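Undergrad: Quick note: the working numbering has the sequence shown finishing at residue 179, numbered continuously throughout.
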Amino acid sequence: MADAPSAADPAPGRGAFGLDRRSWTAPLVPTLPYAAAAAANGNPDHELIRRCADHLACLEAVKALPDEEDDGPAWCAYESNRDAISAAQPQTLAGLIAKARAAKLEATFWDSFENIHDTMAEPWAWDLVNALLRLAGEG
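1) Figure out for me which residue from 101, 165, 171 and 126 has the closest Cα to the Cα of residue 115.
2) Classify residue 139: buried if its beta carbon has 16 or more other beta carbons within 10 angstroms, exposed otherwise.
3) Would you call the CB atoms of residue 130 and residue 97 closer than 8 Å?
4) Ordered along the chain, which non-local residues of its own chain (more than five positions away) have a Cβ less than 7 Å from that of residue 135?
5) Looking at the secondary structure, which residues open and close the alpha helix (DSSP H) in which residue 177 lies?
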């Protein structure tokens with residue numbers, strides 16, 4: 041009778057949502073190092089992941105040149121990267137995570153406070169909500 045599940049735990053040995061630790065972390069493993077995720081064959085979010093990984097460098101280049109004009113090369117590179125991230129709709133968990141990291145970076149980069157308002161993090165957060173629902177088959 042010791043092997044019978046109790047009423048309090050109908051699925052002993054399994055974690056939340058009926059998944060063990062290995063099951064729910066397996067999709068994340070390729071996203072940890074950018075190179076592993078980007079190199080994955082057939083990853084539909086390859087370009088999004090690459091752009092999100094490059095986003096910090098774009099932001100730093102703009103911040104390093106505070107007097108640069110809006111049409112300067114650093115600003116244009118940032119805008120191009122930002123617009124590509126904005127247009128991308130993540131199709132995989134790796135793409136969602138990459139866009140979430142870029143949104144968090146946008147929210148904290150300019151003034152070191154985590155405030156999404158009036159930054160690209162604000163629309164990207166809503167994009168992520170919609171993408172998550174789409175991946176779940178609800179959107």
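We put the CB at the ideal spot given by N, CA and C, even for glycine. The model shown is predicted, which means the values in this text are computed figures rather than measured ones.
TA: Per the coordinate set shown:
1) The count along the sequence shown starts at 1 and reaches residue 115 at position 75. Checking every option, the nearest Cα to that of residue 115 belongs to 101.
2) Taking the sequence shown and counting its residues from 1, one reaches residue 139 at position 99. With 16 or more Cβ atoms within 10 Å of its Cβ, residue 139 is classed as buried.
3) Within the sequence shown, the letter at position 90 stands for residue 130. Within the sequence shown, the letter at position 57 stands for residue 97. Not a contact, by the Cβ cut-off of 8 Å.
4) Along the sequence shown, read from residue 1 onward, the residue named residue 135 stands at position 95. Closer than 7 Å at the Cβ level, and outside the excluded window around residue 135, lie 85, 88 and 89.
5) Taking the first residue of the sequence shown as 1, we reach residue 177 at position 137. Looking at the DSSP string, residue 177 is not in any alpha helix (DSSP H), and its letter there is neither H nor E.
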